[in-house]
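Numbering (our numbering), first residue to last: 203 to 482. Glycine residues also receive a C-beta, built at the ideal position from the N, C-alpha and C atoms. Here's the structure, in structure tokens; my notes come after.
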């Protein structure tokens with residue numbers, strides 16, 4: 203952990219989180235202490251990247267997130283991101299894939315990174331994890347890096363999604379549950395095998411969802427899927443369609459296509475959306 207990263211995290215971000223929330227972390231013993239890994243978490247609030255980061259930094263493990271390039275242009279925050287080694291995502295450009303290349307380089311060098319596989323704040327009106335984008339699975343399959351699943355619940359009550367407001371007081375509970383690391387070895391290393399990549403992505407989301415179930419004390423419904431339930435559009439919460447009658451029909455309705463290997467459109471918002479105006 204670089205001195206600047208330590209200063210930014212422990213001197214600014216963590217005191218801010220302590221001021222607006224009461225964070226409870228379980229499963230710290232599951233955090234790998236050597237080598238690169240991919241932390242994957244659910245995403246309900248723009249505070250999620252900070253609360254997940256705090257759980258790891260408190261354990262003296264730095265984490266490097268994929269972040270929208272626009273965040274690097276914001277005064278002060280952009281400098282913090284750059285100096286802290288975060289990875290910019292140039293969405294919708296010819297450089298959109300550069301972040302995955304850099305993330306792979308970091309992993310092979312032994313650095314841990316963080317991705318939010320849903321690709322954006324959850325559109326599910328019930329606030330469960332949605333179906334995932336394929337970027338995290340592709341990265342894990344290419345590198346063999348283990349995945350560290352993280353379930354979070356409560357940050358959305360401090361900073362809600364899509365204009366629902368910042369409500370810091372009274373301080374609210376934020377629960378973070380860190381699961382056991384797992385790998386995707388059973389799915390192979392061929393990221394051109396679309397069926398394997400989709401299955402690996404579903405496995406990632408299963409691990410995350412099980413942790414959220416433990417935090418919420420209830421069983422999750424089927425994942426909200428914007429291919430089936432419909433994309434409500436930027437900044438909107440979706441509406442669930444009736445459950446499909448059978449998995450085979452659901453697969454047909456969802457469509458067989460695989461999202462592009464592009465962090466702007468795929469794992470895209472697998473990134474810290476720390477500024478409310480940057481929500482997508």
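Span separating the alpha-carbon of residue i from that of residue j
i: residue 362; j: residue 218; result: 17 Å
i: residue 230; j: residue 258; result: 8 Å
i: residue 399; j: residue 426; result: 19 Å
i: residue 390; j: residue 406; result: 15 Å
i: residue 147; j: residue 392; result: Lying before the first or after the last residue shown, residue 147 is absent from the chain, which here runs from 203 to 482.
i: residue 348; j: residue 228; result: 19 Å
i: residue 442; j: residue 431; result: 6 Å
i: residue 240; j: residue 367; result: 30 Å
i: residue 161; j: residue 215; result: This structure leaves residue 161 out entirely; the chain is present only between 203 and 482.
i: residue 388; j: residue 447; result: 29 Å
i: residue 344; j: residue 288; result: 21 Å
i: residue 434; j: residue 440; result: 5 Å
i: residue 299; j: residue 312; result: 21 Å
i: residue 310; j: residue 385; result: 15 Å
i: residue 242; j: residue 410; result: 7 Å
i: residue 183; j: residue 421; result: The question about residue 183 has no answer here: the residues shown for the chain are numbered 203 through 482.
i: residue 260; j: residue 401; result: 33 Å
Residue i: first and last residue of the uninterrupted beta strand (DSSP E) it sits in
i: residue 316; result: 315-317
i: residue 352; result: 349-355
i: residue 360; result: Unbroken run through residue 360: none, as it is neither H nor E.
i: residue 385; result: Looking at the DSSP string, residue 385 is not in any beta strand (DSSP E), and its letter there is neither H nor E.
i: residue 377; result: 374-380
Top-ranked residue by Cα proximity to residue i, from the options
i: residue 424; options: 274, 208, 334 and 317; result: 334
i: residue 436; options: 323, 400 and 419; result: 323
i: residue 373; options: 214, 215, 303 and 224; result: 224
i: residue 429; options: 288, 326 and 213; result: 326
i: residue 234; options: 409, 281 and 265; result: 265
i: residue 419; options: 439, 442, 379 and 432; result: 379
i: residue 394; options: 337, 304, 269 and 261; result: 337
i: residue 314; options: 331, 238 and 360; result: 238
i: residue 263; options: 232, 243, 370 and 250; result: 232
i: residue 356; options: 299, 369, 350 and 381; result: 369
i: residue 316; options: 246, 307 and 350; result: 350
i: residue 505; options: 244, 221 and 208; result: Absent from the structure is residue 505, since the part of the chain shown begins at 203 and ends at 482.
i: residue 364; options: 444, 246 and 260; result: 246
i: residue 382; options: 408, 296, 359 and 401; result: 408
i: residue 332; options: 276, 305, 414 and 280; result: 414
Cβ neighbour criterion (16 or more within 10 Å) applied to residue i
i: residue 211; result: buried
i: residue 256; result: buried
i: residue 271; result: buried
i: residue 340; result: buried
i: residue 328; result: exposed
i: residue 320; result: buried
i: residue 150; result: Residue 150 is absent from the model: the chain starts at 203 and stops at 482.
i: residue 267; result: buried
i: residue 250; result: buried
i: residue 377; result: buried
i: residue 404; result: exposed
i: residue 397; result: exposed
i: residue 438; result: exposed
i: residue 213; result: exposed
i: residue 303; result: exposed
i: residue 221; result: exposed
i: residue 253; result: buried
i: residue 283; result: buried
i: residue 290; result: buried
i: residue 318; result: buried
Beta carbon proximity, residue i to chain D, threshold 8 Å
i: residue 414; result: The displayed structure is made up of one protein chain only, and chain D is not part of it.
Ordered list of beta strand (DSSP E) runs contained in the stretch 239-281, each at least 3 residues = 240-243 and 266-270
Tell me the start and end of each unbroken beta strand (DSSP E) in the stretch 404-455 that is at least 3 residues and wholly inside, in chain order.
-> none
What are the complete beta strand (DSSP E) segments, minimum 3 residues, inside the stretch 208-239?
-> 223-228
Alpha helix (DSSP H) runs contained entirely in the stretch 285-346, provided each spans 4 or more residues | 300-310 and 337-345
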